[in-house]
Amino acid sequence: MSGKFITLEGGEGVGKSTQARRLADALRARGLDVVLTREPGGSDGAEAIRGLLLEGEGDRWSMPSEALLFAAARADHLAKTIRPAVQAGKWVVCDRFLDSSRAYQGIAGGLGDDNVLRLHAIGSGGVLPDRTLVLDLADEEAAARAHARDGGSSDRIGGRDPDFHAEVVAAFREFARQDPDRVRLVDASGSAEQVTERLLGQLADLLP
Ligand SMILES: Nc1ncnc2c1ncn2[C@@H]1O[C@H](COP(=O)(O)OP(=O)(O)OP(=O)(O)O)[C@@H](O)[C@H]1O
Ligand SMILES: [Mg+2]
-16 MSGKFITLEG GEGVGKSTQA RRLADALRAR GLDVVLTREP GGSDGAEAIR
34 GLLLEGEGDR WSMPSEALLF AAARADHLAK TIRPAVQAGK WVVCDRFLDS
84 SRAYQGIAGG LGDDNVLRLH AIGSGGVLPD RTLVLDLADE EAAARAHARD
134 GGSSDRIGGR DPDFHAEVVA AFREFARQDP DRVRLVDASG SAEQVTERLL
184 GQLADLLP
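Position 169 (the sequence shown) corresponds to 152 in this note's numbering; numbering is contiguous.
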């Protein structure tokens, strides 16, 4: 029996981390062996790179440097954490993955989707999730949730201007349109319980 690799994506404050935890719990309740992980990070090497990416000044890295760091972190995360777990029959639930690099560095950051996919091919053999769940929420509501959580403080990338983040959100919607089999847009409004049910509905065909 082979495991599955599920990623959660979307803009800032839509509830990815909340839902990653809730989804992992819901899958465990169905008897599945689940690994909950996140990007950037999820392995020793990638967690070290996480600090480089999220801390410091906005102009600490050029966009190509930033994309290369994400690709390096992802290669380590995949090799050390994700692939071994899936091969052992586990379900991996990952809070952000490749599609965040495509949206943030590729589209909003202007590096180009093709270039980000090329880095992923080099670093990670082009591995794609079995399913990607994009949490979709009105900008104002996402901003309100993020603000309620941390009072407006954000990391190096989260602190970019509203236009950047609007492009990120539009990019995620476009990925779902381009690849509807893998990437599913999920309404992230309403209670956390309601959102988790919607996510499970988008995994129905993969569940044993
Ligand atoms: N369905 C919901 N209704 C109301 N509040 C929610 C809901 N889901 C999550 N929240 C709250 O919104 C805030 C942001 O959620 P969370 O941290 O999960 O978002 P995120 O997408 O992981 O954000 P980031 O992009 O910053 O990592 C948290 O305070 C969380 O408790
Ligand atoms: Mg989060």
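C-beta: ideal position from N, C-alpha, C; glycine also. Quantities reported herein were computed from a predicted structural model and do not represent experimental measurements.
Among the options, which residue has its Cα nearest to the Cα of residue i?
i	options	result
R85	K73, R181, L35 and H103	H103
R181	L168, L190 and Q161	L168
L116	I32, E(-5), G(-14) and K(-1)	K(-1)
A154	L10, L15, D96 and L36	D96
L19	R11, A12 and A7	A7
L111	A127, D82 and G93	D82
T64	F53, G92, L35 and E22	E22
I90	A149, G41 and D170	A149
S137	L36, A187, R101 and E176	L36
L183	V(-3), G(-4) and R13	R13
V(-3)	G92, A131 and R33	A131
S107	A121, A187 and R66	R66
G92	D164, L15 and F147	F147
Please report the Cβ distance between residue i and residue j, rounded to the nearest whole angstrom; I am assuming they are in contact, meaning their Cβ atoms lie under 8 Å.
i	j	result
S172	E124	7 Å
L114	Q185	At residue 114 the sequence reads Arg, which differs from the Leu that was named. About 7 Å; that satisfies the 8 Å criterion.
V151	G(-6)	5 Å
I32	Y87	Not quite, the Cβ-Cβ distance comes to about 15 Å (not below 8 Å), so this is no contact.
T179	A54	So it is not a contact: roughly 31 Å between Cβ atoms.
R5	A175	6 Å
D119	D170	6 Å
V99	A159	Rounded, the Cβ-Cβ distance is 17 Å, inconsistent with contact.
G41	G142	7 Å
For the alpha helix (DSSP H) containing residue i, list its first residue and its last residue.
i	result
V151	P145 to Q161
R132	D122 to D133
L182	A175 to G184
K(-13)	Looking at the DSSP string, K(-13) is not in any alpha helix (DSSP H); the run it does join, the beta strand (DSSP E), is K(-13) to E(-8).
S0	K(-1) to A12
P203	Residue 203 lies beyond the range of the chain shown here (-16 to 191); nothing can be said about it.
A104	D96 to S107
G142	Neither: G142 is in no alpha helix (DSSP H) and is coded neither H nor E.
R165	Careful: R165 lies outside any alpha helix (DSSP H) and carries neither H nor E.
A86	Here A86 belongs to no alpha helix (DSSP H), and DSSP marks it neither H nor E.
G34	D27 to L37
Which residues does DSSP list as the beta-bridge partners of residue i?
i	result
F80	Note: F80 sits in no beta bridge, so no partner.
W44	Paired residue(s): none; W44 is not in a bridge.
D170	D119
V110	Paired residue(s): none; V110 is not in a bridge.
Note the first and the last residue of the continuous beta strand (DSSP E) segment covering residue i.
i	result
R21	V17 to R21
R114	R114 to D119
Would you say residue i touches ligand 4, meaning its beta carbon is less than 6 Å from a heavy atom?
i	result
T1	The model depicted lacks ligand 4 and carries ligand 1 and ligand 2 instead.
Taking contact to mean at least 3 C-beta pairs separated by less than 8 Å, is the stretch 65 to 80 in contact with the stretch 43 to 54?
no
Tell me whether the stretch 57 to 69 and the stretch 22 to 35 touch, counting them as touching only if at least three CB pairs, one residue from each stretch, are closer than 8 Å.
yes
For the stretch 77 to 93 against the stretch -15 to -8, do three or more pairs of beta-carbon atoms, one drawn from each stretch, fall closer than 8 Å, so that the two count as touching?
yes
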